[in-house]
Structure formats: C-alpha cells, structure tokens
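S.K.:
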Amino acid sequence: MIDNPPEWLEDWGRQVGAKLEDGLREGPSFIAFARDNGTVYHTYTVMAPDPFVAPYHSLLLERTPTAQSEEPRAWRKDEYPD
Amino acid sequence: MPDFKIGTREEWQAARDELAKLEAEHAELGQKVTEQRRQLPWVPVEKEYRFDTEDGKKTLAELFDGRSQLLAYNIMFGPDYEVGACPGCSNLGDELDATRVHLNHRDVTLICFSRAPIDRLVAYKERMGWQFPYVSTYGTEFPFDFGIALTPEQARGSPR
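Chains Y and G, in that order, are what the protein sequence lines are.
If you're matching positions, the first sequence starts at 8 in the working numbering and goes up one per residue.
If you're matching positions, the second sequence starts at 63 in the working numbering and goes up one per residue.
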C-alpha cells in the first residue's frame with residue numbers, strides 16, 4: 008500500500024504533510040480505561056477501519072438516498088474545496 | 063443520481079417491512095456484541111505514564127478528571143506531520159465536543175490523544191476550534207504499549 012499508494016492516499020500524505028511511511032504509523036482508534044480503588048485498568052481498544060472509528064456524520068449519511076464515494080477522502084472543515 | 067427504482071407507497075411499505083426484519087436481526091447481534099465487549103477482562107496499567115497536556119504533566123489517572131471512566135480518541139497526528147492532523151480524524155474531532163457534556167454527566171471523561179508534541183496539538187486545536195482536552199503522547203511509550211502507533215521497526219514489518 009505504501010510502496011504503490013492510490014491517489015487518495017498520496018493526497019492524504021500531502022494533506023498531513025508527512026511521508027506515508029511516517030504518517031501511517033499512527034493508529035486512528037478509541038481506547039477506554041476504568042479507574043477503581045486507585046488502580047487504572049485498560050478495558051477496550053478499537054482501531055479503524057472499524058466503523059466505530061468513523062466521523063459521526065457518516066452514520067447520518069448511511070440513511071440518505073445516495074451512497075458516498077468508496078474512496079475515503081476527507082477535508083478539514085476549513086479546507087473544503089467547494 | 064445512482065440507479066433507483068420508482069414504486070408505489072404500498073411497494074415501499076412492503077420493502078420497508080422486509081428491511082425491518084434484517085434491521086431487527088442486526089440490532090440483536092449488536093446487543094450481543096455490546097454484552098461481549100463489556101465482558102472483556104480489565105487489565106491493570108502497571109506503568110506510570112506522564113503526558114504533556116495543556117495544563118502541564120499529567121498521569122493517566124489524572125486524565126480521568128475525577129470520573130471513573132476515560133474514553134480517548136487517538137487522532138492521527140504524528141510528530142512527522144508538518145501540516146496538521148489527519149483530515150478524517152479531524153472531522154470526528156469536530157463532532158466530539160457536542161457529546162462531552164452528556165458523557166461527563168454519565169461518569170465518562172472524553173479526551174483526545176495524538177503523538178505530536180503538545181505545542182503543535184494546542185495550535186491545531188485552536189485552528190479547529192476544539193474544546194476537548196488534547197493530550198500529547200509524545201515521548202511516552204504509551205502509544206506503542208497499547209498498539210495505537212507503530213514503532214519504525216513495527217512499521218517496516220507491516221504489510222505494504
């Protein structure tokens with residue numbers, strides 16, 4: 008994937024300003040902990056592409072008439088091209 | 063527009079009723095998944111991590127902010143990112159703030175982690191207008207211990 012990236016992934020690398028070999032070291036994820044009697048416990052981790060680790064607007068978009076593009080392109084809220 | 067079919071109200075209702083059966087099965091399976099998730103063992107965190115936050119160094123226990131549950135979203139924003147955090151992750155970040163008051167009243171503290179240094183997180187948080195506590199895992203073993211970032215060695219061994 009990194010050696011022969013699709014165009015959207017190359018664009019993503021430019022959006023964050025990192026080489027893919029560095030940029031893809033980060034794992035988009037939720038991680039949960041509990042605290043009880045002074046001890047901290049790790050309880051749960053979930054990593055993309057699990058749909059739980061997706062923006063919440065994608066949940067709303069599941070119930071609209073038209074499917075979104077298969078390509079996982081995203082823009083920051085102050086950088087939408089249109 | 064994609065391909066679509068036009069139908070009568072009666073045809074819509076029949077198809078909707080059929081879909082409702084599948085949605086009910088989906089919801090039932092979802093409930094089972096939630097129950098099994100809650101049965102995962104709790105693993106004590108033995109190591110003492112010290113994170114850079116907007117309010118100085120904090121331990122993992124201190125990040126709970128007095129509550130008993132901590133939920134953290136790990137945003138892709140590595141120390142090598144010269145522009146800013148992953149745009150998709152940033153979208154999710156935008157949407158977290160509105161949920162915080164409701165989570166906080168249910169004994170859950172919601173924060174975000176990233177691996178870039180704290181001054182870069184603070185600047186990006188200001189640009190995005192975020193309110194949630196943003197904590198840097200920079201310089202800690204935390205993201206590697208919990209598998210939310212790859213070491214360079216691990217990255218070299220990962221599928222390409």
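For every residue, glycine included, the Cβ atom is placed at its ideal position computed from N, Cα and C.
What you are looking at is a predicted structure, and each value in this text was computed from that prediction instead of being measured.
Beta-carbon within less than 6 Å of G/T115's beta-carbon, same chain only, minus the 5 sequence neighbours each way: which residues are those?
M.R.: Taking the second sequence and counting its residues from 1, the one referred to as residue 115 of chain G is at position 53. The residues are V197.
S.K.: Give the DSSP bridge partners of Y/A41, in chain order.
M.R.: For the purposes of this step, residue 41 of chain Y is taken as residue 34 along the first sequence, with counting starting at 1. DSSP output for Y/A41 lists Y/Y48 and G/Q131 as bridge partner(s).
S.K.: Using Cβ-Cβ distances below 9 Å, what residues of the segment 115–126 of chain G are close to chain Y?
M.R.: Here the close residues are T121, L122, A123, L125 and F126.
S.K.: Can you find a C-beta in chain G that's less than 7 Å from the C-beta of Y/P12?
M.R.: The count along the first sequence starts at 1 and reaches residue 12 of chain Y at position 5. Output row for Y/P12: interface = no.
S.K.: What number of angstroms, rounded off, separates the C-alpha of G/F204 from the C-alpha of Y/Y51?
M.R.: Numbered from its first residue, the second sequence carries residue 204 of chain G at position 142. Numbered from its first residue, the first sequence carries residue 51 of chain Y at position 44. Answer to the nearest angstrom: the Cα atoms are 15 Å apart.
S.K.: For Y/Y63 and G/D156, what's the separation of their Cα atoms in angstroms?
M.R.: The residue labelled residue 63 of chain Y in the question sits at position 56 within the first sequence. The residue labelled residue 156 of chain G in the question sits at position 94 within the second sequence. Taking the straight line joining both Cα atoms gives about 10 Å.
S.K.: Can you pull the chain Y neighbours of G/R177, defined as C-beta to C-beta under 7 Å?
M.R.: Here the question's residue 177 of chain G lines up with position 115 in the second sequence. Within 7 Å Cβ-Cβ: E33.
S.K.: What separation, rounded to the nearest whole angstrom, lies between the Cα atoms of G/L132 and Y/S36?
M.R.: Mapped onto the second sequence, residue 132 of chain G falls at position 70. Mapped onto the first sequence, residue 36 of chain Y falls at position 29. Going from the Cα of G/L132 to the Cα of Y/S36 covers about 14 Å.
S.K.: Under 8 Å: do the segment 70–79 of chain G and the segment 150–165 of chain G share three or more Cβ pairs, one atom per stretch?
M.R.: The segment 70–79 of chain G is not in contact with the segment 150–165 of chain G.
S.K.: How is the alpha helix (DSSP H) around G/T96 delimited, first residue to last?
M.R.: What you label residue 96 of chain G is simply residue 34 of the second sequence in a count that begins at 1. From DSSP, the alpha helix (DSSP H) with G/T96 extends over R71 to R100.
S.K.: To which residues does DSSP link G/R112 through a beta bridge?
M.R.: If you number the second sequence from 1, residue 112 of chain G lands on position 50. DSSP output for G/R112 lists G/T121 as bridge partner(s).
S.K.: Residues in the same chain with beta-carbon distance under 8 Å from G/D127, minus the five sequence neighbours each way, listed in chain order, please.
M.R.: Position 65 of the second sequence, counting from 1, holds the residue named residue 127 of chain G. The answer, listed in chain order, is T171 and P195.
S.K.: Would a check of beta-carbon distances place G/C174 closer than 7 Å to chain Y?
M.R.: Here residue 174 of chain G corresponds to residue number 112 of the second sequence, with the count starting at 1. No, its Cβ sits nowhere closer than 7 Å to a Cβ of chain Y.
S.K.: Whose C-beta lies closer than 8 Å to the C-beta of G/V202 among residues of the same chain, with five residues either side of it excluded?
M.R.: By one-based count along the second sequence, residue 202 of chain G stands at place 140. A small correction: the amino acid at residue 202 of chain G is Thr; Val does not occupy that position in the sequence shown. The residues are Y111, R112 and F113.
S.K.: Less than 7 Å separating the beta-carbons of G/A147 and G/I173?
M.R.: By 1-based counting over the second sequence, the position of residue 147 of chain G is 85. By 1-based counting over the second sequence, the position of residue 173 of chain G is 111. Going by C-beta atoms, G/A147 is not nearer than 7 Å to G/I173.
S.K.: Determine which residues of the segment 89–107 of chain G have a Cβ less than 7 Å from any Cβ of chain Y, and write them out in chain order.
M.R.: Here the close residues are R99, L102, W104, V105, P106 and V107.
S.K.: Run through DSSP, which three-state label would G/T161 get?
M.R.: In the second sequence, residue 161 of chain G corresponds to position 99, counting from 1. Note: G/T161 maps to helix in three-state DSSP.
S.K.: Taking a Cβ distance cut-off of 8 Å, strictly less, list which residues of the segment 138–160 of chain G are near chain Y, in chain order.
M.R.: The segment 138–160 of chain G vs chain Y, Cβ under 8 Å: M138, F139, G140, D142, Y143, E144, V145, G146, A147, C148, P149, G150, C151, S152, N153, L154, D156 and E157.
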